Amino acid sequence: MNYDVAIGKCIAISGASIDVHVDSSIVSRFFPGHPWQRAGLSVLRIPQRVVSAKRPPAVGDEVFLDHNALAKGGNAQIDLQGDGEFTAVDLKAIVQDMDPAASAPVATKAKSWR
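Residue numbering for the sequence shown is 1 to 114, as defined by full-length UniProt numbering.
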């Protein structure tokens, strides 16, 4: 099954990469146990090849990534403090242990109130 994964707001598109403001939920995928920090501080620089074909990126909009492309892994860079210091990360971490079917609501039969 393939699906798109939303990761944050696009702040720049340049050449073959996209910069995205990510929140602590994405940061914790790369660095489990990392302390919470305010949204919009960390920047994830991703290659264009992992972006959803159905939802192309635009500055100011949410960025959606293709699950299958992420599952293959690949290099990206993250600036945790927003200070221009980037660290290499593997994109596979975003989708590890992610199963949307596990969190989908279960259909139940409605009770009759006769």
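Glycine is no exception: its CB is placed at the ideal position from the N, C-alpha and C atoms.
All of these numbers come straight from a predicted model, not from anything done at the bench.
Determine, using beta-carbon pairs with one atom in the segment 25 to 34 and one in the segment 56 to 65, whether at least three such pairs fall under 8 angstroms. Result no; under three Cβ-Cβ pairs closer than 8 angstroms.
Who are the near neighbours of V89 in its chain, counting only those whose CB is closer than 6 angstroms to its CB and skipping five residues on each side? F30, A76, I78
Which class does V106 belong to by DSSP, given the choice of helix, strand or coil? With a pLDDT of only 49 at V106, under 50, the local geometry of the prediction cannot be trusted, and no value is derived from it.
Excluding five sequence neighbours on each side, which residues of the same chain lie with their C-beta closer than 6 angstroms to the C-beta of A102? Note that A102 scores a pLDDT of 43, beneath 50, so its modelled location is shaky; the value from the coordinates is reported in the next line. Same-chain partners within the cutoff: there are none.
Under 8 angstroms Cβ to Cβ from G74, same chain only, skipping five residues before and after it: list those, please. Taking G74 as the centre and dropping the five residues before and after it, the same chain places the C-beta of P47, R49, V50, D90, L91, K92 closer than 8 angstroms to its C-beta, in chain order.
Can you check DSSP and say which residues form a bridge with V89? The partner list for V89 (beta bridge, DSSP) reads A76.
Three-state secondary structure (DSSP) of L70: Looking at L70 - three-state DSSP - the assignment turns out to be helix.
Which two residues bound the contiguous alpha helix (DSSP H) that contains S25? It spans 24 to 30 - the alpha helix (DSSP H) in which S25 sits, taken as one unbroken run.
Have a look at the DSSP bridge pairing and note the partners of P47. Note: P47 sits in a beta bridge opposite S17.
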